[in-house]
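Visitor: In my numbering, the protein residues as written are 3 to 158. Below you'll find the structure I mean.
In structure tokens:
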């Protein structure tokens with residue numbers, strides 16, 4: 003989800019809810035402690051230089067159980083960040099503290115922001131000798147060779 007999409011959704015919401023990939027809800031007294039731009043410059047395992055940018059939201063919860071962040075307040079934080087940091091309309095990644103800091107993608111469904119799982123991957127499989135995933139084939143769907151599979155028929 004991009005920053006512009008979040009900004010369009012916020013004015014229509016009466017409250018903010020974030021759902022983790024396991025279905026549990028981030029406690030309602032969370033804070034958004036950071037809105038920023040994360041830039042990652044790196045070399046992948048195949049030697050290609052890459053640059054990535056993302057908008058970052060950091061969610062955090064304290065012991066102030068009466069705290070509630072209103073959608074309009076978050077919109078104000080985003081707009082200030084855009085102005086001060088000269089933020090582009092970037093894809094959002096969310097940091098949230100569990101056993102360690104988790105990094106999530108962001109989606110929206112059923113009036114909730116949904117934190118989505120992110121995965122690592124090899125960015126240069128052709129240079130690392132990683133085979134493409136072969137399609138699974140049901141043997142029952144293979145066409146039979148006339149006369150069946152007999153020695154010398156070339157089917158085996």
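A virtual CB, placed ideally from N, CA and C, is assigned to each residue, including glycine. The model shown is predicted, which means the values in this text are computed figures rather than measured ones.
#1: In the stretch 21 to 101, which residue ranges form an unbroken beta strand (DSSP E) of at least 3 residues, counting only runs that do not cross its ends?
#2: Between which two residues does the beta strand (DSSP E) harbouring residue 112 extend?
#3: Measuring alpha carbon to alpha carbon, tell me which of 134, 122, 106 ends up nearest residue 24.
#4: Residue range of the alpha helix (DSSP H) that residue 130 falls in?
#5: Using the C-alpha atoms, what's the distance from residue 64 back to residue 39?
#6: Give a yes or no on contact between the stretch 122 to 142 and the stretch 37 to 52, applying the rule of three or more CB pairs nearer than 8 Å.
#7: Please return the same chain residues whose Cβ sits closer than 6 Å to the Cβ of residue 35, not counting the five positions on each side in sequence.
Guide: Working from what's here:
#1: 32 to 45, 51 to 63, 94 to 99
#2: Position 110 of the chain shown, counted from the start, is the residue given in the question as residue 112. Per DSSP, residue 112 lies in no beta strand (DSSP E) segment and is marked neither H nor E.
#3: Your numbering for residue 24 matches position 22 in the chain shown. Each of 134, 122, 106 was checked against the Cα of residue 24, and the nearest Cα belongs to 106.
#4: Position 128 of the chain shown, counting from 1, holds the residue named residue 130. Residue 130 -> alpha helix (DSSP H) spans 127 to 130.
#5: What you label residue 39 is simply residue 37 of the chain shown in a count that begins at 1. What you label residue 64 is simply residue 62 of the chain shown in a count that begins at 1. Residue 39 and residue 64: Cα-Cα distance of roughly 24 Å.
#6: yes
#7: The residue labelled residue 35 in the question sits at position 33 within the chain shown. Excluding positions up to five away in sequence, the list reads 60, 62.
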